[in-house]
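If you're matching positions, the sequence shown starts at 856 in our numbering and goes up one per residue.
Cβ coordinates follow ideal geometry from the N, Cα and C atoms, glycine included.
Just so you know, these numbers come straight off a predicted model, no measurement behind them.
Comments concern the structure below.
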Amino acid sequence: MRASRGGEHVSGAERIVSESAVPRTLASLAKRALTHSKGKPDFINLKVEEPGEVVRLAALPVTTNATSSAEEGRRLFAELLSAAGVSRAEEIMGMFSGSYSMRGAMLVDADTLERLEPDRARGVRATRMDSDSPCGDVSGKNHFAEALVLATKVANAPGIVGEICVSDDPDYVTGYVASKGLGYQRVTVVKEMGDPRGGRIFLYRGPRERVAETIRFLERQTVLVEVPQPSPAAGRTLSGDLSADLAEIESAGLSRRCRVLASETGPTAVVDGEELVVLSSNDYLDLARDERVVQAAANAVRRWGAGTGGSRLTTGTQPPHVALERRIAEFKRVEAAVLYATGYMANVGVLTALAGKGDVVLSDELNHASIIDGCRLSGAEVLVYRHADMDDLRGKLAECSGFRRRIAVSDGVFSMDGDLLDLPSFLEVCRAGGAYSVVDEAHATGVVGATGRGLAERFGCASPDVVVGTLSKALGSDGGFACGSAVLSEYLRNKSRPFIFSTAPGCGAVAAADAALAVLEAEPWRVERLRENVAFFAGELSRRGVSVAASESAILPIAVGDERRAVAASEELRRRGFLVPAIRYPTVAKGAARLRAAVMSSHDRLCLSAAAAAVAEALVVGEA
Ligand code: WAQ
Ligand code: MG
């Protein structure tokens, strides 16, 4: 398969498969071309050919070398080349940029550094090769698997003594050096994230008159590479296997760990024996430790037991569950609500129940992972529209004919950017386009609207068809919900698998959420206080030269960009006594790392002011 747009190469791939797998493989390859990150092609060429004589080769053994910067990666490239017996490694690395614009690889004499390929603009293309066990779905690119096949063929070509490769995909920073002696040496970081420059050099040693034979092997000889199937029996352990993946995560600055907070949740916390100001809790109204909430939970556990012993449809519905569902519906000013074990489950539960094969879901590109997972699990066609772009949503809806049901889903408050959905426009576009509306108010409940009821209150408009929410953020408890019409709730109780197959939340959490809603209704000043704190903190940040967008939610993202810089700034803040997490890929796009500050109604002004000063200084430290 080769795909291009305006004559420019977009994507290419080839497979060697049995005759019966041809139709499926063609479909997969077409999908790969149509969904490439470089954009939609206007021309796709699918060609089917007999393979001719097939040579079988054992895959090169693989070694993974973790590096933490492009510079370190390039240095390792040169060292590996030297180890392969190539003496002018540094000069060869210097030639690398010459291969960036080529479709194929440079063929270079390893000793004289002369270029040997007849067409220098195109280079030499290794083709007619595949793994002997290609995975069924080839619609996406597996960089490593495809590169290992290519490298194995190249290393076995007559006269080839080594190869170096850097991907031209801007979001793929791993490259390799390969030779028969070295095997396949992966180097985890060889270029900066976002850099679209990549290429390949094949190194040749031998007489000129044999070059043609090498090129013939690379371009014409069909090769099947036998990739050993990883099996625990072959001396591998799961831990060993996972450690290699973890090393890559670590070297990309993306490793994560749980921090233990040795104190009750609140605007401050004790971490490793030190008291820190917490600017990362979703307990926006400080209700998780509110005496009335805690007391309600304790009483309910005594009265009804710690757990429910079954799903809602078996033993898991007790009076507190019924009472809370009624209160949520009243609070959201809709007919009925359904409880879920978590907010994540609520999104997955709603989307998988409402959408299926034959339906289409339109989803904002910045929607929360639980919405994305719900879309994927639903089996419906999913169309992602540009963030908050109602024209894009309208346009995509207009293209959606022939589906049974159309559903548009959006976060109400976007969790990593803190911005609000323009609900009236969203509802209007849905109405005009014949789509049902689903809005997740996880970060809006208790925060947005004069009394914290959410977006419909804030905009003075109707509610979406389905409102999803959580009890675990501003309501300080645990669990999630979906609400809307009485019919919707009855439908979810019958069709929503996370509802049906999860054990019902315990009465402690349920009663706590109920009590929190009562506090919220009795004390709307908490919402007002939160709003003032957010505005104050944003003002303090801007006063110190840190640019933040005005936020109607409790979330203030502070843009950094580079993953490691964001982590460094977060660590510096930690040293200064503030807990402000760095948010990185895959939560946000690669290269869009940020600090994410979440404000609470109970943060005091002095604290927020000091935090703003610390953020300004930590950003400077992170830069160094
Ligand atoms: N033959 C020769 N050169 C090629 C070929 C080919 N079939 N395909 C690509 N190239 C050249 C071309 O100049 C590209 O710009 C460059 O190589 C990079 O190609 O273990 O994705 O397909 O995880 O972007 C390495 C995997 C991934 C590392 C390499 O290369 C790992 C990759 P890309
Ligand atoms: Mg590429």
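Collapsed DSSP secondary structure at G1324 in the structure displayed: The three-state reading of DSSP puts G1324 in strand, counting E and B together.
Should M1324 and E1296 be called a contact, given that it needs their Cβ atoms to be closer than 8 Å? Before going further, note that residue 1324 is Gly rather than Met in the sequence given. Cβ distance < 8 Å, so G1324 and E1296 count as in contact.
What distance in whole Å lies between the Cβ atoms of V1435 and V1389, which are believed to be in contact at a cut-off of 8 Å? 15 Å between Cβ atoms; not a contact.
For Q1485, write down the residues that DSSP places opposite it in a beta bridge. No answer is possible for residue 1485: the residues shown for the chain start at 856 and end at 1479.
Just list the residues that DSSP pairs P878 with in beta bridges. BP columns for P878 are empty, so no partner.
Alpha carbon to alpha carbon, how far is G1162 from E1190? Approximately 28 Å between the Cα atoms of the pair.
Please determine, among L931, S1233 and N1137, the residue with the shortest C-alpha to C-alpha distance to T1300. Nearest C-alpha to T1300: N1137.
Assigned exposure category for L920 - 16 Cβ within 10 Å defines buried: For clarity, residue 920 is Asn in the given sequence; the question names Leu instead. With 16 or more Cβ atoms within 10 Å of its Cβ, N920 is classed as buried.
Indicate the three-state DSSP secondary structure (helix, strand or coil) for N900 in the structure shown. Per DSSP, reduced to three states, the secondary structure at N900 is strand.
How far does the alpha helix (DSSP H) with C1285 in it extend, from its first residue to its last? Taken as a continuous stretch (DSSP letters only), the alpha helix (DSSP H) holding C1285 covers L1278 to G1288.
Outcome for Q1173 when other beta-carbon atoms lying within 10 angstroms are tallied against a minimum of 16: By the neighbour-count criterion, in which a residue is buried when 16 or more other Cβ atoms sit within 10 angstroms of its Cβ, Q1173 is buried.
So is the beta-carbon of F999 under 7 Å away from any non-hydrogen atom of the ligand WAQ? Within the cutoff, so yes.
Alpha carbon to alpha carbon, how far is S1327 from Y1027? Rounded to whole angstroms, S1327 to Y1027 spans 36 Å at the Cα level.
At a cut-off of 7 Å, would you count S892 as near the ligand MG, judging by its Cβ distance to the nearest heavy atom? Flag unset: Cβ of S892 not near the ligand MG.
Compare the C-alpha of D1051 against each of V1042, T1029, K1035 and Y1039 and name the closest. Inspection of the sequence shows that residue 1051 is occupied by Pro rather than by Asp. It is T1029.
For the stretch 1116-1186, list the alpha helix (DSSP H) runs that are entirely contained and at least 4 residues long, ordered along the chain. The alpha helix (DSSP H) runs of length 4 or more contained entirely in the stretch 1116-1186 are, from start to end of the chain, 1146-1159 and 1174-1186.
Closer than 6 Å by C-beta to A1263: which residues in its own chain qualify, once you throw out the five before and the five after it? Chain order, please. Its chain contains L1217, C1285, A1290 and S1292 as the residues whose beta carbon lies nearer than 6 Å to that of A1263, once the 5 sequence neighbours on both sides are disregarded; these appear in chain order.
Cα-Cα separation between S1135 and G1331, rounded to whole angstroms: Each residue's Cα considered, the two are about 14 Å apart.
Just verifying my parser: in three-state terms, what is the DSSP assignment at S937? Helix, per DSSP.
Measuring CA to CA, which of G1036, R1055 and L1037 is closest to V1045? Looking at the Cα atoms, R1055 is the closest of the given residues.
Buried or exposed, going by whether 16 or more other CB atoms sit within 10 Å of the CB of G949? G949 should be labelled exposed.
Are the beta-carbon atoms of V1302 and Y1199 separated by less than 8 Å? Cβ atoms of V1302 and Y1199: not closer than 8 Å.
Comparing alpha-carbon positions, which option in D1214, G1213, D1244 and T1207 lies nearest I1227? Here the closest residue by C-alpha is T1207.
Grab the span of the beta strand (DSSP E) containing V1078 for me, first residue to last. Segment T1077 to E1081, the beta strand (DSSP E) holding V1078.
Backbone secondary structure at M961 - three-state DSSP: Strand at M961.
Return the Cβ separation of V1132 and L1116 in integer angstroms, given the expectation that the two are a contact with Cβ distance under 8 Å. Separation of the CB atoms of V1132 and L1116 is rounded to 12 Å, and the pair is thereby denied contact status at 8 Å.
Just reading off the alpha helix (DSSP H) that D1228 is part of, what are its end residues? D1228 -> alpha helix (DSSP H) spans A1224 to S1233.
For the ligand WAQ, is there a heavy atom less than 7 Å away from the beta-carbon of Y1059? Placement of the Cβ of Y1059 at a distance of 7 Å or more from every heavy atom of the ligand WAQ is found.
Below 8 Å CB to CB, which residues in the same chain sit around G1160 once its five sequence neighbours on both sides are set aside? So the qualifying residues of the chain are G1361 and C1362.
Please state whether the Cβ-Cβ distance between S1094 and T1358 is less than 8 Å. The Cβ atoms of S1094 and T1358 lie no closer than 8 Å to each other.
With a 10 Å radius around its C-beta and 16 neighbouring C-beta atoms as the bar for buried, classify D1096 as buried or exposed. Looking at its Cβ environment, which holds fewer than 16 other Cβ atoms inside 10 Å, D1096 is exposed.
Given this structure, state the Cα-to-Cα distance separating Q1341 from D1246, to the nearest angstrom. In the sequence under discussion, the amino acid at residue 1341 is Ala, which differs from the Gln named in the question. The C-alpha of D1246 is placed about 32 Å away from the C-alpha of A1341.
Just to confirm the assignment, what range does the beta strand (DSSP E) spanning C1338 have? Going by DSSP, C1338 is part of the beta strand (DSSP E) stretching over G1335 to G1339.
Check whether the Cβ atoms of V1032 and G1049 lie closer than 8 Å to each other. By the CB criterion at 8 Å, V1032 and G1049 fall outside the cutoff.
Pull up the distance between the alpha-carbon of K1035 and that of D1100, whole angstroms please. In a straight line, the C-alpha of K1035 is about 24 Å away from that of D1100.
State yes or no: is the C-beta of D1023 nearer than 7 Å to some heavy atom of the ligand MG? In this structure, D1023 has its beta carbon less than 7 Å from a heavy atom of the ligand MG.
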